[in-house]
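Counted from 1, the sequence shown has number 424 at position 425 by numbering that gives the first Met the number 0; the numbering is strictly sequential. C-beta atoms are modelled at their ideal positions from N, C-alpha and C, and glycine is treated no differently.
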Amino acid sequence: MLRLQACLSGILKPNSSLFKLHHLRYLDLNHNNFTPSPLTSEFGSLHRLEYLSLYSNGFVGQVPSSFNSLSHLSVLELTRNELTGSFPLLRNLTKLSALSLAGNQFSGTLNPNSSSLFEFHHLRYLSLGYNNFSSSLPSEFGNLNKLEYLSLKSNDFSGQVPPTISNLTSLKELYLQDNQLTGTFPLVHNLTMLSVLNLDDNNFSGPIPSFLVNMPFLSDLRLYGNNLTGSVEFPNSSRLEKLHLGQNHFEGKIIESILKLVNLKVLDLSFLKTSYPIDVSHFSSLKSLLSLDLSGTSISPVSLDSKLDISKNLAVLRLSGCGISEFPNILKILEINVSGNKIKGKVPEWLWKLPRLNTLYVSNNSFNGLEGPVDVLINSSVKNLFMEQNRFEGAIPALPLSINIFEAPYNRFTGSIPLSICNCRSLTDLWLSYNNLTGPIPQCLSNLTFVNLRKNSLEGSVPDAFYKNASLQTLDVGHNRLTGKLPRSLKNCSSLEFLVADHNRIKDKFPFWLKALPNLQVITFSSNKFYGSISSPGQEQLLMGDCTLLPETIDFRYKGLSMEQQMVLNSYAAIDFSGNRIEGQIPESIGLLKSLIALNLSNTAFTGHIPLSFSNLRNLESLDLLSNQLSGTIPSGLGTLAFLAYINVSHNQFKGEIPQGTQIIGQARSSFEGNAGLCGLPLQETCFGTNAPPTQPPPEEDEEEEQVLNWKGVAMGYGVGVFLGLAITQVIASYKPEWLVQTSAEAVSVFFSLSVISQCV
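In structure tokens:
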């Protein structure tokens with residue numbers, strides 16, 4: 000037996016001494032930090048293995064055919080890697096009793112003629128969830144009649160569940176959720192040992208069969224998000240403890256039937272399409288109830304008028320989007336969610352006296368304040384408080400000392416951030432963006448993990464008080480009135496991933512010292528007063544990790560329009576240098592970034608010519624070079640870019656004829672104005688003579704090759720550079736015009752500036 004959990008790194012090489020242990024029977028390599036690499040075929044040399052677990056190691060590629068040599072294997076665990084290809088050929092593993100391939104990228108069909116899966120007649124545990132398998136479910140699943148656990152969740156299976164599923168009479172847990180399965184309810188009447196059945200988020204229709212609710216051991220039934228209809232009659236003898244029926248179309252008095260389930264602990268009726276409002280007080284008979292979700296349903300207002308006498312054990316009550324207009328009087332509860340309703344006025348004072356209240360969501364309502372004195376929250380037990388998108392005004396309230404998360408963006412809070420917040424030693428997340436706050440940023444905020452103060456009127460400098468190994472991961476202070484320099488103590492924040500300070504008055508040199516941060520992924524510094532060259536002394540590059548999702552709304556300029564992009568996905572790239580004092584020439588190797596769709600270098604101080612390599616940007620839709628000191632001619636290749644919908648080269652020193660491609664001719668005249676030597680459509684100046692200037696002046700002999708940046712390394716994907724006023728990140732793959740409809744008066748011209756330069760390969 001050999002267990003090497005969470006202690007290895009690097010690459011597991013074929014010549015490793017591990018593969019010389021030919022008598023090894025049990026090998027556990029879970030949760031190691033291997034460099035992404037294929038599974039070596041040398042695993043096949045461990046012929047006597049009976050147990051092999053490679054859970055969560057980052058292995059990539061296909062399962063090697065040498066695994067066929069592991070004929071004694073009883074357990075094979077490959078969960079949470081990056082393995083690809085079709086179902087692996089494992090034909091000789093006849094003793095296999097447990098197989099998990101969950102959480103990979105396997106794809107294709109489970110064809111009985113080519114897949115070895117249905118030859119594993121001793122299987123008792125099979126998990127294929129969270130992959131990309133498709134097609135219908137083969138009837139051969141019925142041959143695996145020793146199965147006790149079967150998970151096919153989160154794939155792309157479609158069609159009906161084959162009737163042979165009823166052959167799996169030993170099955171105790173069946174997970175088919177999050178697929179595209181259709182038809183009437185599966186035939187599971189013979190599965191008398193079943194304790195868990197999860198069919199959430201499919202397209203099953205018709206009524207729930209009576210045999211289902213009479214299964215003797217069924218304790219967890221999840222049918223959320225289907226098209227089930229009819230009535231349901233639960234017996235008094237049911238053992239159900241968890242029941243999810245939301246987002247279906249049940250008829251009749253389903254609530255009365257549910258009230259018979261005396262053992263029920265979790266009940267989800269969210270978005271249940273009933274023809275009558277639900278009386279919340281009826282659930283008082285369910286004395287074991289811990290969690291009740293009625294979000295999106297119609298609630299009887301009368302049932303909330305008096306003090307609700309629901310189960311004393313109830314910890315979670317979700318009433319989001321129920322259309323209620325008053326706060327329910329609920330005692331002895333752990334979590335309350337009334338977000339997305341129409342509640343006005345003040346949050347009631349009695350709420351903060353609930354002895355067990357841990358988490359409160361009042362987001363997306365019309366609250367304008369808190370009942371009671373200014374310190375009404377101080378002695379509350381609340382640890383997680385979500386108040387965003389209301390009408391709260393005045394000063395930020397003094398928070399409970401035990402608070403962990405406080406989110407109140409999109410309100411009308413005024414005044415300064417209270418210094419009392421520094422007494423909240425457990426506070427990790429503070430989100431106060433889109434308010435009217437003034438004054439300085441308290442130094443103690445350097446102790447937090449997530450800080451978002453975007454779009455206020457804060458003044459002073461960012462505190463230079465970040466201690467070594469600080470836990471800070473996100474800092475967004477964009478759109479304020481901050482001055483001074485970028486704090487050098489940010490170098491101590493080794494976990495920092497997201498750094499945003501755009502649209503301030505910060506005056507500093509380009510921060511090459513940020514390269515010391517190993518996890519930094521996104522930086523946004525546009526519209527400040529950064530200056531100087533984008534090359535550091537010694538021509539060093541600022542290297543960073545791969546692109547990832549941006550966790551918060553960020554502003555973006557695309558095709559000359561300003562917009563707010565809610566989430567940035569990893570598909571196509573955008574670059575922005577705009578609004579700073581960047582010097583030097585545009586690197587030729589930007590043309591290697593084949594996925595680029597938006598390039599904004601406007602309002603900087605670039606000199607030289609437009610690189611000929613721009614003609615290679617076949618996906619480019621938006622090119623903005625407004626107000627630089629660029630010269631020479633516009634490359635004729637730009638006229639051949641089929642997707643180029645917006646170009647602006649105005650107010651430079653270009654000369655010669657404008658390329659006459661279809662995309663160029665359709666541009667506004669203003670996009671080319673301010674260049675004394677330009678001629679041709681769409682300008683009125685006509686080009687005379689046939690001796691047109693060359694399409695691009697040759698580079699001067701003494702020009703240093705790529706003097707400010709090795710962009711080739713960026714395009715090849717092995718390094719990520721970060722530059723002042725530059726943003727490369729991945730923008731949403733669907734980049735059609737409708738992508739811009741979220742433009743609003745608030746969405747001012749804030750670019751992805753100084754962000755990640757990467758192809759994210």
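For residue j and residue i, believed in contact at Cβ under 8 Å, the rounded distance
i: residue 135; j: residue 101; result: About 20 Å separates the two Cβ atoms, so there is no contact after all.
i: residue 222; j: residue 199; result: 7 Å
i: residue 386; j: residue 406; result: 7 Å
i: residue 96; j: residue 78; result: Their Cβ separation, rounded to whole angstroms, is 16 Å, which puts residue 96 and residue 78 out of contact at 8 Å.
i: residue 40; j: residue 65; result: 4 Å
i: residue 288; j: residue 266; result: 6 Å
i: residue 26; j: residue 45; result: 7 Å
i: residue 250; j: residue 230; result: 5 Å
i: residue 814; j: residue 130; result: The first residue shown for the chain is 0 and the last is 760, placing residue 814 beyond what the model contains.
i: residue 375; j: residue 334; result: 20 Å between Cβ atoms; not a contact.
i: residue 587; j: residue 612; result: 5 Å
i: residue 429; j: residue 418; result: Contact doesn't hold; Cβ gap of about 13 Å is too wide.
i: residue 600; j: residue 637; result: That belief does not hold up - the Cβ atoms of residue 600 and residue 637 are roughly 14 Å apart, past 8 Å.
i: residue 480; j: residue 451; result: That pair is no contact at about 17 Å.
Coarse secondary structure for residue i, derived from DSSP in three states
i: residue 497; result: strand
i: residue 237; result: coil
i: residue 716; result: At residue 716, the pLDDT of 31 sits below 50, so the modelled position is not reliable and the matter cannot be decided from this model.
i: residue 442; result: helix
i: residue 150; result: strand
i: residue 678; result: strand
i: residue 394; result: coil
i: residue 108; result: strand
i: residue 126; result: strand
i: residue 528; result: coil
i: residue 687; result: coil
i: residue 515; result: helix
i: residue 51; result: strand
i: residue 414; result: strand
i: residue 350; result: helix
i: residue 636; result: helix
i: residue 178; result: coil
i: residue 157; result: strand
i: residue 662; result: helix
i: residue 607; result: strand
Where residue i falls, given that 16 or more other Cβ within 10 Å makes a residue buried
i: residue 466; result: exposed
i: residue 373; result: exposed
i: residue 0; result: exposed
i: residue 296; result: buried
i: residue 80; result: buried
i: residue 528; result: exposed
i: residue 16; result: exposed
i: residue 473; result: buried
i: residue 6; result: exposed
i: residue 761; result: Residue 761 is absent from the model: the chain starts at 0 and stops at 760.
i: residue 104; result: exposed
i: residue 523; result: buried
i: residue 667; result: exposed
i: residue 819; result: Given a span of 0 to 760 for the chain in the structure shown, any question on residue 819 remains unanswerable.
i: residue 411; result: exposed
i: residue 456; result: exposed
i: residue 8; result: exposed
Which residues DSSP lists as bridging residue i, in chain order
i: residue 631; result: 653
i: residue 37; result: 59
i: residue 437; result: 456
i: residue 272; result: In the DSSP output, where bridge partners are listed per residue, residue 272 has none listed.
i: residue 189; result: None, per the DSSP bridge assignment.
i: residue 132; result: 107
i: residue 226; result: 204
i: residue 8; result: 32
i: residue 404; result: 383, 428
i: residue 761; result: Only positions 0 to 760 of the chain appear in this structure, which leaves residue 761 out of reach.
i: residue 99; result: 76, 126
beta-carbon residue i near the ligand PLP non-hydrogen atom, thresh 7 Å
i: residue 667; result: Summarising the ligand content, the structure contains no ligands, and the ligand PLP is consequently not present.
Short CB-CB distance (under 8 Å) between residue i and chain C
i: residue 211; result: Annotation note: the requested chain C is absent from the structure, which comprises a single protein chain.
Notebook entry, point to check: With a cut-off of 8 Å, do at least 3 Cβ pairs link the region 375–383 to the region 353–362?
Noted result: yes
Check: Are the region 80–91 and the region 136–143 touching, with three or more C-beta to C-beta distances below 8 Å?
Finding: no
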